[in-house]
Amino acid sequence: MLTAAGAYLDEVALFPRSFVDQAIGRCSAETDGQGGKVFVNCNPAGPYHWFKTEFIDKAKEKKILVLHFTMNDNLSLSERVKERFYRIYSGVFFQRYILGLWVLAEGIIYDMFNEEEHVIDEWPIDIHDYQVAIDYGTKNPTAFVLQGIHYDTDGVAIYYNLKEYFYDGRAEGKQKTDNTYYDELETFCAGYTNEVIIDPSAASFIALIEEKGVLSVTPADNAVLDGIRTVSRLISEKRCLTHRDCTNLLRERSSYVWDEKAAKRGEDKPKKENDHIMDAERYGIFTKENNGVRMDDYTAALMRGARVHG
Numbered sequence: 007m008l009t010a011a012g013a014y015l016d017e018v019a020l021f022p023r024s025f026v027d028q029a030i031g032r033c034s035a036e037t038d039g040q041g042g043k044v045f046v047n048c049n050p051a052g053p054y055h056w057f058k059t060e061f062i063d064k065a066k067e068k069k070i071l072v073l074h075f076t077m078n079d080n081l082s083l084s085e086r087v088k089e090r091f092y093r094i095y096s097g098v099f100f101q102r103y104i105l106g107l108w109v110l111a112e113g114i115i116y117d118m119f120n121e122e123e124h125v126i127d128e129w130p131i132d133i134h135d136y137q138v139a140i141d142y143g144t145k146n147p148t149a150f151v152l153q154g155i156h157y158d159t160d161g162v163a164i165y166y167n168l169k170e171y172f173y174d175g176r177a178e179g180k181q182k183t184d185n186t187y188y189d190e191l192e193t194f195c196a197g198y199t200n201e202v203i204i205d206p207s208a209a210s211f212i213a214l215i216e217e218k219g220v221l222s223v224t225p226a227d228n229a230v231l232d233g234i235r236t237v238s239r240l241i242s243e244k245r246c247l248t249h250r251d252c253t254n255l256l257r258e259r260s261s262y263v264w265d266e267k268a269a270k271r272g273e274d275k276p277k278k279e280n281d282h283i284m285d286a287e288r289y290g291i292f293t294k295e296n297n298g299v300r301m302d303d304y305t306a307a308l309m310r311g312a313r314v315h316g
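Read in order, the letters of the sequence shown correspond to residues 7 to 316 in the numbering used here.
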């Protein structure tokens, strides 16, 4: 049985409550007559998060010292870096990560999106890679999104949602089989890519794609909040653009909202409505970004017109 004099928990709001309680309980060694010490830090979550309600709100009675820091307290950050963070975060993420406030996730999720800045009418001519992101449903709608990736001269990726497929069996009054969806997926990919990114929970459809041997499957990183943060950041940086023909994606973008009932339970999650193409888009972008996608330095240097030796 472990007895400790102290502990340091980084990003404590992401830990399970049971783990934090255990860590505190283990810090019982007497070192200076006052018992163990526990140090924690975190970015804020919602106001009903257990760490906010049980520790921060009860700091006085539990003899906890709470310190509130913002980016201005970090002397290693230049003004240019701070301006970048001010620019790329908006809505609930700005309030939490920039201002350090414990606020509800409510309203439109991608509230930084606007048609004038983020919708295109022409396909870019300089797409370097394509991929198809998939949200597969048996009873729910199935969605495919063709995503083009352009790399700028620093090798940084810009994503374009260029074409969509959307089928709602309930609305149409007729369900489709895995084989039918596969045939339509292969047609959708033809001429662009054989790379598809799909939620790993779609086991039967993944097995069928692999059995056919034509398309290459990458299991999606389906972490919801991290994915939403990434897509939000890219929209804010104008690195996630959508073609006007993607009507279902644009419809969902404007109606994709936080689940307010879940927020009052201390959970951040989207409402499970109008989320099928939103899920597909997120799978494609977050999986690519999480794998560190960027053009290699050699090719990026050539694009800048630099002479490359070696």
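Just so you know, even glycine gets a beta-carbon here, dropped at the ideal spot from N, CA and C.
Residue from the options with nearest C-alpha to residue i
i, options, result
"N167", "I126, A209, L73, Y173", "I126"
"F100", "G52, S34, F25, C33", "G52"
"I291", "V72, V151, K267", "V151"
"D274", "K145, P130, G233", "G233"
"Y171", "D189, Y165, P22", "D189"
"M77", "Y173, W264, V87", "V87"
"L231", "T199, D158, I115, K145", "I115"
"N49", "T9, I62, T293", "I62"
"L15", "V26, L8, R93, M7", "V26"
"T224", "N296, C33, E112", "N296"
"K145", "Q181, P22, L71", "Q181"
"E60", "D265, D205, E89, S24", "S24"
"H134", "D158, E217, K43", "D158"
"L191", "A149, G154, G179", "A149"
"T37", "T9, Q28, V18", "T9"
"E201", "G161, I155, T186", "I155"
"I203", "P130, K218, L73, Q153", "Q153"
"Y198", "K169, E121, N80, D79", "K169"
"Q40", "L83, K69, P22", "K69"
"N280", "V220, L214, K294, D265", "D265"
Residue i Cβ short of 7 Å to the ligand NAP heavy atom set
i, result
"Y262", "You won't find the ligand NAP in this model; it holds no ligand whatsoever."
Beta bridge counterpart(s) of residue i as assigned by DSSP
i, result
"T148", "Y173"
"E201", "S222"
"H317", "Only positions 7 to 316 of the chain appear in this structure, which leaves residue 317 out of reach."
"P276", "W264"
"I126", "H249"
"I114", "V263"
"F45", "Y14"
Enclosing alpha helix (DSSP H) for residue i [first to last residue]
i, result
"C195", "184–195"
"H282", "282–296"
"V237", "230–242"
"E85", "85–94"
Opening and closing residue of the beta strand (DSSP E) in which residue i lies
i, result
"L247", "246–249"
"D141", "135–141"
Beta-carbon spacing of residue i, residue j below 8 Å
i, j, result
"D141", "A286", "yes"
"I241", "F91", "no"
"P147", "H282", "yes"
"S222", "D184", "no"
"K270", "Y136", "no"
"A226", "D205", "yes"
"I94", "R259", "no"
"G12", "G42", "yes"
"V237", "F194", "no"
"G113", "V263", "yes"
"V44", "A29", "yes"
"Y165", "R245", "yes"
"D117", "S96", "yes"
Check: In the segment 11–43, which residue ranges form an unbroken alpha helix (DSSP H) of at least 4 residues, counting only runs that do not cross its ends?
Finding: 23–32
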